[in-house]
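Since the structure comes first, as structure tokens, the remarks are kept for the end.
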Amino acid sequence: MRRTTLPLLCFGVLIAFMAAGLTLHPKEVPSPLIGKSVPAFNLPVLESQGRTMSAQDMRGKVWLLNVWASWCVACRLEHPLVLEAAKTGAVPIYGLNYKDQPADARQWLEKFGNPYVSSLSDREGLVGIDFGVYGVPETFVIDKQGVIRHKVIGPLTAETLRDTVMPLVRKLDG
């Protein structure tokens with residue numbers, strides 16, 4: 008009797024873990040930075056040689072940080088939505104150009120359109136690491152005090168913008 012009890016118990020625990028895993032959403036990876044201040048940074052502005060921006064420059068407004076790269080296929084898929092969101096003027100969108108060559112990034116923005124108030128060049132990806140970036144694209148919602156309130160992993164979708172990001176922006180801005 009004892010010979011079969013332990014294997015059956017282990018099998019039951021394994022099944023329970025697998026069942027719990029099926030209820031998880033792989034794009035909703037919890038970020039330890041939610042509810043914490045934006046990491047300090049001072050990066051060159053892609054569009055303006057010699058100019059830099061820091062997290063302090065964005066204080067006092069709700070804003071989005073969209074992490075992108077010219078080599079990123081998924082960034083190309085989400086880009087029309089980012090352009091559309093920028094046209095509404097509902098929230099300023101800043102870009103974080105991640106592990107990219109500035110010339111390639113500028114050419115990409117010229118070709119596909121520039122939705123960003125400014126795009127910051129993170130050539131080595133160190134600021135991206137500070138933000139906990141898993142890969143591009145990712146988008147962060149940041150409040151007026153510079154606290155990260157939400158993170159979208161992967162390309163933005165119309166549904167994510169409509170149902171999650173923009174309602175949160177309105178709530179934080181109100």
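Heads up, the sequence shown is in this note's numbering, so the first residue is 8 and it goes up one at a time.
Using N, Cα and C, we set each Cβ at its ideal position, and we do this for glycine too.
Rounded to a whole number of angstroms, what is the C-alpha to C-alpha distance between residue i and residue j?
{"i": "Val89", "j": "Glu166", "result": "13 angstroms"}
{"i": "Gly57", "j": "Pro51", "result": "7 angstroms"}
{"i": "Asp107", "j": "Ala76", "result": "6 angstroms"}
{"i": "Ile160", "j": "Trp70", "result": "17 angstroms"}
{"i": "Ala81", "j": "Asn104", "result": "14 angstroms"}
{"i": "Leu72", "j": "Phe147", "result": "5 angstroms"}
{"i": "Glu91", "j": "Trp78", "result": "21 angstroms"}
{"i": "Arg113", "j": "Glu54", "result": "7 angstroms"}
{"i": "Leu175", "j": "Thr95", "result": "16 angstroms"}
{"i": "Ala93", "j": "Met60", "result": "19 angstroms"}
{"i": "Arg83", "j": "Glu131", "result": "21 angstroms"}
{"i": "Asp137", "j": "Arg156", "result": "16 angstroms"}
{"i": "Trp115", "j": "Ser126", "result": "12 angstroms"}
{"i": "Leu31", "j": "Lys178", "result": "Note on Leu31: pLDDT 49, under 50, position unreliable in the model; the coordinate value appears next. Leu31 and Lys178: Cα-Cα distance of roughly 27 angstroms."}
{"i": "Lys118", "j": "Met65", "result": "27 angstroms"}
For residue i, count the other beta carbons within 10 Å of its own beta carbon; 16 or more makes it buried, fewer makes it exposed. Which is it?
{"i": "Lys158", "result": "buried"}
{"i": "Pro162", "result": "buried"}
{"i": "Leu133", "result": "exposed"}
{"i": "Thr12", "result": "exposed"}
{"i": "Glu85", "result": "buried"}
{"i": "Gly135", "result": "buried"}
{"i": "Ala47", "result": "exposed"}
{"i": "Asp170", "result": "exposed"}
{"i": "Asp180", "result": "exposed"}
{"i": "Asp150", "result": "buried"}
{"i": "Asp111", "result": "exposed"}
{"i": "Asp129", "result": "buried"}
Establish whether the CB of residue i and some CB of chain D are separated by less than 8 angstroms.
{"i": "Val98", "result": "Among the chains in the structure shown there is no chain D, since it carries only a single protein chain."}
How is the beta strand (DSSP E) around residue i delimited, first residue to last?
{"i": "Phe147", "result": "Glu145 to Ile149"}
{"i": "Ile100", "result": "Ile100 to Tyr105"}
{"i": "Leu127", "result": "Ser126 to Asp129"}
{"i": "Lys158", "result": "Ile155 to Ile160"}
{"i": "Pro39", "result": "Counting along the chain, Pro39 falls outside any beta strand (DSSP E), and DSSP gives it neither H nor E."}
{"i": "Leu163", "result": "Element bounds for Leu163: n/a, residue is neither H nor E."}
Taking the CB atoms as reference points, tell me whether residue i and residue j lie closer together than 8 angstroms.
{"i": "Val45", "j": "Pro144", "result": "no"}
{"i": "Val188", "j": "Lys43", "result": "Missing from the structure shown is residue 188; the chain here goes from 8 to 181 and no further."}
{"i": "Leu40", "j": "Gly139", "result": "yes"}
Residue i lies in the alpha helix (DSSP H); which residues open and close that run?
{"i": "Arg83", "result": "Val80 to Thr95"}
{"i": "Asp180", "result": "Met173 to Asp180"}
{"i": "Ile136", "result": "Leu133 to Asp137"}
{"i": "Pro51", "result": "Careful: Pro51 lies outside any alpha helix (DSSP H), inside the beta strand (DSSP E) at Asn49 to Pro51."}
{"i": "Gln114", "result": "Pro109 to Phe119"}
State whether the stretch 119 to 126 contacts the stretch 96 to 107, with contact taken as three or more CB pairs (one from each stretch) at a distance under 8 angstroms. yes
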